[in-house]
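Here's the structure, in structure tokens; my notes come after.
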Amino acid sequence: MTVINYYFNHDHPLRPFTGSDYANRDSFSPVNALRTEPETQPGFWPCEQDGAWVLIPDHRGTKVYDTATAQESEIKELGELPDGVTTIAPDVVFPKWNGKKWVTDKAAKKESDIAAAEAQKQYLIAEVNAETQMLQTKLALGRIKDDEKARLNAWLDYLDLLEAVDTSTAPDIDWPEKPQ
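Going by this note's numbering, the residue at position 90 of the sequence shown is 82; the numbering climbs one at a time, nothing skipped.
Structure follows, in structure tokens:
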């Protein structure tokens, strides 16, 4: 009769099965082995518990998503999935977990829309400054021509409209048209 030792990791808290090897018939099993073959089942891993094999959920290698941050990670340990994670991948741009699925976090989206609108506003104001810098220098030195003065005034009117833009209404902003 063939005798086999079925080993487990004695130092791991769950004492998972690690492998098997032939044993001498007249020997005792080592402290980190049983002589009964562990049952196997997909999604589970055998672990030693009180001298017997029990099946523990095995999610190792499974991608999970933190329900607070939507951050992806991979399960590395045996056991149940930790609290605060789901195997459902976020499928929206501003994910928020509602307990069953990912939904759009409207507050985060609004905040992002406002930040983008404010950045756009600052970019357009910088563009006005670049367009008017030389014209303002000519005006200060009294060397501006009538057509340049009209162009400067058009850009300054545009700047007034830009500064009046309320970015809190983003993304529904009616941006003023640039002067020709």
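Even for Gly, the Cβ is constructed at its ideal location relative to N, Cα and C.
Run the CB neighbour count on residue i, radius 10 Å, all protein chains shown included, and call it buried at 16 or more, exposed below.
i	result
VAL77	buried
VAL56	buried
ALA81	exposed
TYR(-2)	buried
ALA25	buried
THR79	exposed
By how many angstroms is the C-alpha of residue j removed from the C-alpha of residue i?
i	j	result
PHE20	GLY35	31 Å
PRO30	ASP97	46 Å
GLU110	ALA100	15 Å
LYS170	ALA132	24 Å
LYS141	GLU119	18 Å
THR124	TRP147	7 Å
PHE86	LEU6	38 Å
ALA15	ILE(-4)	5 Å
TRP214	VAL95	The first residue shown for the chain is -7 and the last is 172, placing residue 214 beyond what the model contains.
HIS2	VAL84	44 Å
LEU151	ALA62	40 Å
THR(-6)	SER12	12 Å
ARG135	GLN172	22 Å
ASN121	LYS88	40 Å
GLY43	GLU69	22 Å
CYS39	ASP50	11 Å
VAL23	HIS4	14 Å
ASP149	ASP139	15 Å
THR202	LEU154	This structure cannot settle anything about residue 202, because the visible part of the chain is limited to -7 through 172.
LEU127	LYS92	60 Å
Beta strand (DSSP E) containing residue i: first to last residue?
i	result
SER65	64 to 66
GLN41	36 to 41
SER104	Where SER104 is concerned, there is no enclosing beta strand (DSSP E), although the alpha helix (DSSP H) it sits in stretches over 98 to 132.
TRP45	44 to 49
ALA142	First-last for ALA142: 138 to 155, but that is the alpha helix (DSSP H), not the beta strand (DSSP E).
For residue i, which beta-bridge partners are listed by DSSP?
i	result
VAL95	LYS88
ALA25	TYR(-1)
ASP58	VAL77
GLY11	TYR(-1)
If you follow the alpha helix (DSSP H) that residue i is part of, which residue opens it and which one closes it?
i	result
LYS170	From DSSP, LYS170 is part of no alpha helix (DSSP H); its letter is neither H nor E.
task: Inspect the CB distances between the stretch 100 to 119 and the stretch 155 to 168 and report whether three or more fall short of 8 Å.
output: yes
- prompt: So, do the stretch 62 to 73 and the stretch 110 to 121 have three or more beta carbon pairs nearer to each other than 8 Å?
  reply: no
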